[in-house]
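K.L.:
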Amino acid sequence: MSLRTLLKEPLVHFLVLGAMLFVGYEYMNRGSGLETGQIVVTQGRIDSLRASFSRVWQRPPTPSEMDGLIRDYVREEVLAREAMALGLDRDDIVIRRRLRQKMEFIANDLTAPAEPSETQLQEYLVKHSDRFLVESRFTFRHVYLNPEQHGDTLQRDVATLLSELNRPVAQGDFRKLGDPILLNAELTDVPAGEVARQFGDEFPRQLERLPTGRWDGPVMSGYGVHVVFVQNRIPGKVPDLSTVREEVARAWADARRREDSEQFYQELTKRYAVIIEGASSDAEANALAAEAH
Amino acid sequence: MKSRVVPAMMLGGLMGVLAGFPLSAVADGTAPGLSAPERETVEKAFPSKPPYSPYAGRNFPTRPFFGDTHLHTSYSMDAGAFGARLSPRDAYRFARGEEITASSGQPVKLSRPLDFLVVADHSDNMGFFPDLFAGKPEVLAEPTGRKWYDMMQVGKGAEAAIEIIMSFSHGTFPKALMYFPGTRAYRNAWQETIKAAEDFNEPGRFTAFIGYEWTSNTGGNNLHRNVIFRDNGDKAGQVEPFTVYPPMGSDNPEDLWKWMAAYEQKTGGSVLAIAHNGNLSNGLMFPTVETFGQTIDRGYVETRAKWERLYEATQTKGDGEAHPFLSPNDEFADFETWDKGNLDGSVAKTKEMLEFEYARSALKNGLKLEEKLGTNPFKFGMVGSSDAHTGLSALEEENFFGKTTPQEPSPERMTNAFFDNPKTGVKVMDWEVSASGYAAVWATENTREAIWDAMERKETYATTGPRMIVRFFGGWEFKPEDAHNRLPAAIGYTKGVPMGGDLTGAPAGKSPTFLVAALKDVIGANLDRVQIVKGWLDKNGEVQEKVYDVIWGDADKRQPGSDGKLPPVGSTVDVENATWTNTIGDPELITVWKDPDFDPSLRAFYYARVLEIPTPRWTAYDAKRFGVKPLPGTRMTLQERAYTSPIWYAPGT
Numbered sequence: 032m033s034l035r036t037l038l039k040e041p042l043v044h045f046l047v048l049g050a051m052l053f054v055g056y057e058y059m060n061r062g063s064g065l066e067t068g069q070i071v072v073t074q075g076r077i078d079s080l081r082a083s084f085s086r087v088w089q090r091p092p093t094p095s096e097m098d099g100l101i102r103d104y105v106r107e108e109v110l111a112r113e114a115m116a117l118g119l120d121r122d123d124i125v126i127r128r129r130l131r132q133k134m135e136f137i138a139n140d141l142t143a144p145a146e147p148s149e150t151q152l153q154e155y156l157v158k159h160s161d162r163f164l165v166e167s168r169f170t171f172r173h174v175y176l177n178p179e180q181h182g183d184t185l186q187r188d189v190a191t192l193l194s195e196l197n198r199p200v201a202q203g204d205f206r207k208l209g210d211p212i213l214l215n216a217e218l219t220d221v222p223a224g225e226v227a228r229q230f231g232d233e234f235p236r237q238l239e240r241l242p243t244g245r246w247d248g249p250v251m252s253g254y255g256v257h258v259v260f261v262q263n264r265i266p267g268k269v270p271d272l273s274t275v276r277e278e279v280a281r282a283w284a285d286a287r288r289r290e291d292s293e294q295f296y297q298e299l300t301k302r303y304a305v306i307i308e309g310a311s312s313d314a315e316a317n318a319l320a321a322e323a324h
Numbered sequence: 023m024k025s026r027v028v029p030a031m032m033l034g035g036l037m038g039v040l041a042g043f044p045l046s047a048v049a050d051g052t053a054p055g056l057s058a059p060e061r062e063t064v065e066k067a068f069p070s071k072p073p074y075s076p077y078a079g080r081n082f083p084t085r086p087f088f089g090d091t092h093l094h095t096s097y098s099m100d101a102g103a104f105g106a107r108l109s110p111r112d113a114y115r116f117a118r119g120e121e122i123t124a125s126s127g128q129p130v131k132l133s134r135p136l137d138f139l140v141v142a143d144h145s146d147n148m149g150f151f152p153d154l155f156a157g158k159p160e161v162l163a164e165p166t167g168r169k170w171y172d173m174m175q176v177g178k179g180a181e182a183a184i185e186i187i188m189s190f191s192h193g194t195f196p197k198a199l200m201y202f203p204g205t206r207a208y209r210n211a212w213q214e215t216i217k218a219a220e221d222f223n224e225p226g227r228f229t230a231f232i233g234y235e236w237t238s239n240t241g242g243n244n245l246h247r248n249v250i251f252r253d254n255g256d257k258a259g260q261v262e263p264f265t266v267y268p269p270m271g272s273d274n275p276e277d278l279w280k281w282m283a284a285y286e287q288k289t290g291g292s293v294l295a296i297a298h299n300g301n302l303s304n305g306l307m308f309p310t311v312e313t314f315g316q317t318i319d320r321g322y323v324e325t326r327a328k329w330e331r332l333y334e335a336t337q338t339k340g341d342g343e344a345h346p347f348l349s350p351n352d353e354f355a356d357f358e359t360w361d362k363g364n365l366d367g368s369v370a371k372t373k374e375m376l377e378f379e380y381a382r383s384a385l386k387n388g389l390k391l392e393e394k395l396g397t398n399p400f401k402f403g404m405v406g407s408s409d410a411h412t413g414l415s416a417l418e419e420e421n422f423f424g425k426t427t428p429q430e431p432s433p434e435r436m437t438n439a440f441f442d443n444p445k446t447g448v449k450v451m452d453w454e455v456s457a458s459g460y461a462a463v464w465a466t467e468n469t470r471e472a473i474w475d476a477m478e479r480k481e482t483y484a485t486t487g488p489r490m491i492v493r494f495f496g497g498w499e500f501k502p503e504d505a506h507n508r509l510p511a512a513i514g515y516t517k518g519v520p521m522g523g524d525l526t527g528a529p530a531g532k533s534p535t536f537l538v539a540a541l542k543d544v545i546g547a548n549l550d551r552v553q554i555v556k557g558w559l560d561k562n563g564e565v566q567e568k569v570y571d572v573i574w575g576d577a578d579k580r581q582p583g584s585d586g587k588l589p590p591v592g593s594t595v596d597v598e599n600a601t602w603t604n605t606i607g608d609p610e611l612i613t614v615w616k617d618p619d620f621d622p623s624l625r626a627f628y629y630a631r632v633l634e635i636p637t638p639r640w641t642a643y644d645a646k647r648f649g650v651k652p653l654p655g656t657r658m659t660l661q662e663r664a665y666t667s668p669i670w671y672a673p674g675t
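Residue numbers (this note's numbering), protein chains in the order written: chain H, 32 to 324; chain B, 23 to 675.
See the structure below:
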C-alpha cells in the first residue's frame, strides 16, 4: 500500500486520531491546536515553558532564551504532528511501550487506594508477619581462629581458648587472642541481618542458640571459626501495629495498587475479543490475554 | 547504622582486662605531612590526650556500605523501550532484599540486601494524568468527580478507572476536573521518583538517594553523569533535573556544573556528579587540551574538581580502570575491556583516544594539569555501579540479571549481539556485558548525609561485584608492625589519611608509607593479591606509572621469580560445572608498604587494587544452567577486583 493510499484510509485517520487522543490529551483541555494548519502557542503554554525553564535553571529565561523555547516548542509541534499524520507513531516499539506505561501510570493514579482502616492494616500485618518481623539484636564479642593456621589442632585450640576466656579472673585482652581479622571484635546491639552481612547467614542463627554471659563456640562464619561471648540478646518478634504502622500502610497500599492495576487491565481486556491464530479456541486466547502478569 | 561505640558502663566484669588498648600504643595523635583540614579532622577525632574510655572518640567508619549509584528503571525512556517494567519502588524493594518478579517474569532476589541505592533515571519530565483523587475540594465539588471518588473509597478503584477512561474516549470527561500542565496537580516522573526515594529511605538501615542521570551523548560519545543529592525531597523537589536538549538543557558538562551551582545556591542543598564510561566517549571524557571548542583553562579544572568528586570506574558496559595499551606492563589491565567504539558504535576506536578514557591515565594527566593550572581536574575517587536498565541491581556472577531486560537470564544471552553497527564494524555481544559493579563507601552511618559526605571526601572504593572489605591509609609513620595491630582502622586514621586523602610536603628523609588491608567477601572467593598502583609526574614533566605487588596469598609457597613477577595464584575453577574452591589464596591480606622509589619533589598518587582468585564468570553459570555452548572466544572465568580511591602526594610549597 503506497503512502498516498495509506493516508486516505479512514482506518488510518481513526487510529491517528485515537493516538492523538492520548498523546495529545493536554490539547483537549484548551480546545486549541488540533485544527489542521494552525498552531496556537497559548499563554498557558508560554507560562508553562517559562516555569519549566525556571525550575531547571533557578532563574527565569532571558527574552532570547524565551524565544528559543517557543521556537523549539513550535518545531516539536510541527514535526510531531506531521509524524503522527504519517502514522510514524504506529508500530514504533518505543512509543507503544511508552503508551503502555502511561496507561499503567493512569491505572496507578486512578486506582489510588483509599485510606486503610485499622482492621485492614492489622489483618495485613498478621497475614504478612514475616515481612515486618523485628529482627533479633545482639551484643557480642568474638575471637577468630583461621582454620588454615590451626589445621588438625583447631578443635583443641578452640577448647583451650574457651577455658582461658571463661576463667573466673580473665587474663589479658581477648582482642589479642586468636588470629587477627578486619572485622570488629565487638558489636553492640546489632540486628541479625547486619550480623549476617558481616559474618555470613549462618552466624546469627548460631548466636540465637548460644548461652549469654559466657564464652562459647565454635561458631562458624564465612571466614572460619569463632568463639563468642553473647552479652545480650533481644529476641525478634512480630511487632505491634503501632510501631510499624507506616511500613504496613505502605505495603498495604502497594499491594492494593497492584491488585487494582491488574483488575483495571482485566476490565479493559473484557472490551476485546482476542483472537490468536493457531490457538485451539477463542476461549483459550482470551484466557491467555487475561492471565495475570 | 549507628556507629558501634560501647558505653563505658558495659565494660565491667570480664572487660576490666582491657589494658593495652591499641589506641594508646600508637603515636600521640599528631600526623606530620597531612594537609591542614585533614590534620584538623584527625585531631578532632583523636585528641592528643587520650580520654579515659578507650572507646570514646572512635567515630571513624567501622564498615563499608555497599550500594549502586546508577540504576535505571522503566522510567528511563530507553529502559522502558527495552521492555523494563519495574518502577523505582520495585528497584528499592529489590535492593532492600525483597524477592520480586523481574520484567522477564522470573523471580529474583539478592544474596543479601544492599545498603543504599540511587535510582538514576534519564529524567525527561514525563507527564502523568492529574492526581484527580487525592480528595481535592475542587474534585469533590463536581458530581461525577464525587461519584468516582466515592467508588474508590469503597474499593472500586479499577471500576472507576474504567469509567474515567471511557469518559475520555467519549469526550464526556467533566471539564471542571481538568488541570493545566505546570500546576501542582500535574505530577511528573521526577516528582514520582523523589517520592519513591522518600518512601524507601530508612536512615540507619537503607539509604534511598534522590538522583538522576544527565545523558550527554552527542555523536554517540558518552559523557554521561549521574547527579546525586545529599538532600531530601523538600529541596530536590524544588528543581527539575538538567536535560541535554537545548534550549532547556545542554550537552556540555560545564552547563551541568552551572545547574549544580544554581541548585545549591537556590536551595542550600548539596549535589555531586559521577561520570562513567569514558571507554565509550571516544577520547572526550578526560580532556587535557580542549573541550567543546574551549581551551582547558583554570576555570574548567577548578569547576570540574569541585563537582566531580568520584568516577564510576567499573560497570556493565566495561571496566574503566586501566587499558592494556596504556599499561603494557600491567598484566591485569585487560579486564572486561570494551574498546571497540563509542556508545552507539557509530565511530570505531583509535589508539589515540584511549589516554583520555581510562581512570588511571586521567589520574596521571590530572597531575600534569595541576602542575600547569594549579588544580587537578581529575582528582576523583573510585566507585563501581551497575548502569543496569532493569530496575535490578543484581551484579553477582551467579545472580546476574543483565544490563537490559532482553539480557535477563535466558539461553539467548550467551549468543545474541548487544549491538552491531555494520558500517563501522563495531559489534558487541551480550556475553561481553560485565556483571559489575558496586560502590563501597566508608561512611560513619547509613544515612543520606553520612554516605554522601563520604563520597564527597572520596572515602570510597569500586568493586566489580563482590563485597570485599578494603582499608587503605597513607602517612609517613606506618611501621611493619602496624599490620599486626588488631585495630588497623584506629591506627590508620591516627597516623595517616584514608583513601581519597592527601599527603603534602614530605618530612625530610621520609617516604610515604601505606597501611593496606583487605578481607574477602564473607560469601565470596579468597584473595589473590593486593597491589598498589603508583602514578607520578617525572622530572621531565612526563607521566609515569608502576604497579607493585605488596602482599599476596599463599606467600609460604609463592614468591616473585627472577623477573620480579609474582607467579599467578592458579585456578580452581571448574568451568563446566561453574564451581571453584577457596583452597588457594588467602581470606585476608594486610601489610604496610613503603614507596621504594619516592622523590619528594614529584607529584604522585597511589591507589590499591585488590584481586580475587579466579572464579566462574556469569557466562559459565549460564552455560551450566541453560546447557548452552558458549561462542568461541567467550570469557568463562575472571578475577574480580576492587579499586580504592587514590591518596595523592604533592610537594610542599
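Backbone N, C-alpha and C fix where the C-beta goes; we use that ideal spot for every residue, glycine too. This one's a predicted model, so the numbers in the text were calculated from it and none came from an experiment.
Against H:Ser371, what residues of chain B qualify as contacts under a CB-to-CB distance less than 8 Å, listed in chain order?
P.N.:
Past the edges of chain H, shown from 32 to 324, lies residue 371 of chain H, and the structure says nothing about it.
K.L.:
Who are the near neighbours of B:Trp279 in its chain, counting only those whose CB is closer than 6 Å to its CB and skipping five residues on each side?
P.N.:
Counting only Cβ-Cβ distances below 6 Å, and skipping sequence neighbours, we find Thr325, Trp329.
K.L.:
Taking the straight line between their C-alpha atoms, what separation do you get for B:Thr205 and B:Glu164?
P.N.:
Model confidence at B:Thr205 stands at a pLDDT of 37, short of 50, so the residue's coordinates are unreliable; what they give is reported in the following sentence. Rounded to the nearest angstrom, the two C-alpha atoms are 19 Å apart.
K.L.:
Using DSSP's beta-bridge definition, name the partner residues of B:Ala234.
P.N.:
Here residue 234 of chain B is Tyr; the residue named in the question, Ala, does not match the sequence. According to DSSP, B:Tyr234 bridges with B:Val249.
K.L.:
For chain H, is any of its Cβ atoms less than 8 Å away from the one on B:Ser96?
P.N.:
For B:Ser96, the answer is yes, since a Cβ of chain H falls inside 8 Å of its Cβ.
K.L.:
Compare the C-alpha of B:Gly531 against each of B:Asp273, B:Pro622, B:Phe314, B:Asp571 and name the closest.
P.N.:
Per the Cα distances, B:Pro622.
K.L.:
Please return the same chain residues whose Cβ sits closer than 6 Å to the Cβ of B:Pro636, not counting the five positions on each side in sequence.
P.N.:
Closer than 6 Å at the Cβ level, and outside the excluded window around B:Pro636, lie Ser593, Val595, Thr659, Gln661.
K.L.:
Distance, Cα to Cα, H:Phe260 vs H:Glu225?
P.N.:
Roughly 17 Å separates the two Cα atoms.
K.L.:
Starting from H:His181, trace the alpha helix (DSSP H) both ways and give me its first and last residue.
P.N.:
Note, H:His181: alpha helix (DSSP H), 178-181.
K.L.:
Under 8 Å by Cβ, that's how I've got B:Asp273 and B:Thr240 pegged, so tell me the actual separation to the nearest angstrom.
P.N.:
The pair is a contact, with the Cβ atoms about 5 Å apart (cut-off 8 Å).
K.L.:
Tell me which same chain residues have a C-beta within less than 7 Å of the C-beta of H:Trp283, skipping the five on either side of it?
P.N.:
Here the set comprises Pro147, Gln151, Leu152, Tyr155.
K.L.:
Step through the CB atoms of chain H and report whether any lies within less than 8 Å of the CB of B:Pro609.
P.N.:
Yes, its Cβ sits closer than 8 Å to a Cβ of chain H.
K.L.:
Are the C-beta atoms of B:Lys288 and some chain H residue less than 8 Å apart?
P.N.:
Interface residue, yes.
K.L.:
With a threshold of 16 other CB atoms inside 10 Å of the CB of B:Asp502, please say whether the residue is buried or exposed.
P.N.:
Here the sequence assigns Pro to residue 502 of chain B, which means Asp is not the residue at that position. By the neighbour-count rule (16 or more Cβ atoms within 10 Å), B:Pro502 is not buried but exposed.
K.L.:
Below 6 Å CB to CB, which residues in the same chain sit around B:Ala465 once its five sequence neighbours on both sides are set aside?
P.N.:
Here the set comprises Pro83, Phe87, Ala472, Ile473, Ala476.
K.L.:
Give me the subset of the stretch 257-282 of chain B whose CB atoms are less than 9 Å from a CB atom of chain H, sorted by chain position.
P.N.:
Here the close residues are Gln260, Val261, Glu262, Pro263, Phe264, Thr265, Tyr267, Pro268, Pro269, Met270, Gly271, Lys280, Trp281.
K.L.:
Within 10 angstroms of the Cβ of H:Pro249, are there 16 or more other Cβ atoms? Answer buried if so, exposed if not.
P.N.:
Buried, because 16 or more other Cβ atoms sit within 10 Å of the Cβ of H:Pro249.
K.L.:
Would you kindly report the start and end of the unbroken beta strand (DSSP E) that includes B:Leu414?
P.N.:
First-last for B:Leu414: undefined, no H or E at that position.
K.L.:
Can you give me the Cβ contacts of H:Val279 inside the same chain, cut-off strictly under 7 Å, excluding the 5 residues immediately before and after it?
P.N.:
Excluding sequence neighbours, H:Val279 sits near Leu152, Tyr155, Leu156, Phe163, Leu272.
K.L.:
Using three-state DSSP, classify B:Ala218 as helix, strand or coil.
P.N.:
Helix, per DSSP.
K.L.:
Grouping DSSP H, G and I as helix and E and B as strand, with all else coil, what is B:Gln566?
P.N.:
DSSP places B:Gln566 in strand when its eight states are reduced to three.
K.L.:
Give the DSSP-derived three-state secondary structure of B:Trp670 in the structure shown.
P.N.:
Strand.
K.L.:
Taking only beta-carbon atoms, is H:Phe169 less than 8 Å away from chain B?
P.N.:
No, its Cβ sits nowhere closer than 8 Å to a Cβ of chain B.
K.L.:
Quick check on DSSP: helix, strand or coil for B:Gly557?
P.N.:
It is a strand residue.
K.L.:
Taking the straight line between their C-alpha atoms, what separation do you get for B:Trp236 and B:Lys480?
P.N.:
Rounded to the nearest angstrom, the two C-alpha atoms are 21 Å apart.
K.L.:
Keeping to the same chain, check which residues put their C-beta closer than 6 Å to that of B:Ser667; ignore five residues upstream and five downstream.
P.N.:
Within the same chain, B:Ser667 has close Cβ partners Gly403, Met404, Lys480, Thr482, Met521, Gly522.
K.L.:
On a Cα-Cα basis, can you pick out the residue from B:Ile491, B:Val538, B:Arg252 that is closest to B:Phe500?
P.N.:
It is B:Val538.
K.L.:
So which of H:Ser252, H:Ile306, H:Ile124 has the shortest CA-CA distance to B:Ala103?
P.N.:
The shortest C-alpha separation from B:Ala103 is found at H:Ile124.
K.L.:
Kindly confirm or deny that the stretch 202-221 of chain H and the stretch 280-299 of chain H touch, where touching means at least three C-beta pairs closer than 8 Å.
P.N.:
With the cut-off at 8 Å, the stretch 202-221 of chain H and the stretch 280-299 of chain H do not touch.
K.L.:
Note down, in chain order, every chain H residue with its Cβ under 8 Å from the Cβ of B:Pro510.
P.N.:
In chain order: Leu213.
K.L.:
Which residues in chain B have a C-beta closer than 7 Å to the C-beta of H:Asp103? List them in chain order.
P.N.:
Result: Pro269.
K.L.:
Say whether the stretch 285-296 of chain B touches the stretch 365-383 of chain B, bearing in mind that this needs 3 or more beta-carbon pairs closer than 8 Å, one atom from each stretch.
P.N.:
No contact exists between the stretch 285-296 of chain B and the stretch 365-383 of chain B.
K.L.:
Out of B:Ala124, B:Ala462, B:Pro275, B:Glu419, point me to the one whose CA is closest to B:Pro399's CA.
P.N.:
Looking at the Cα atoms, B:Pro275 is the closest of the given residues.
K.L.:
Give me the chain H residues within the contact set of B:Tyr515, using Cβ-Cβ distance strictly less than 7 Å, ordered along the chain.
P.N.:
Under the 7 Å cutoff, chain H gives no residues; its nearest Cβ is about 14 Å from B:Tyr515.
K.L.:
Express the C-alpha separation of B:Arg663 and B:Ser383 in angstroms, rounding to a whole number.
P.N.:
Computed Cα separation, rounded: 19 Å.
K.L.:
Counting only beta-carbon separations shorter than 8 Å, does H:Ser148 have a partner in chain B?
P.N.:
By this cut-off, H:Ser148 is not an interface position.
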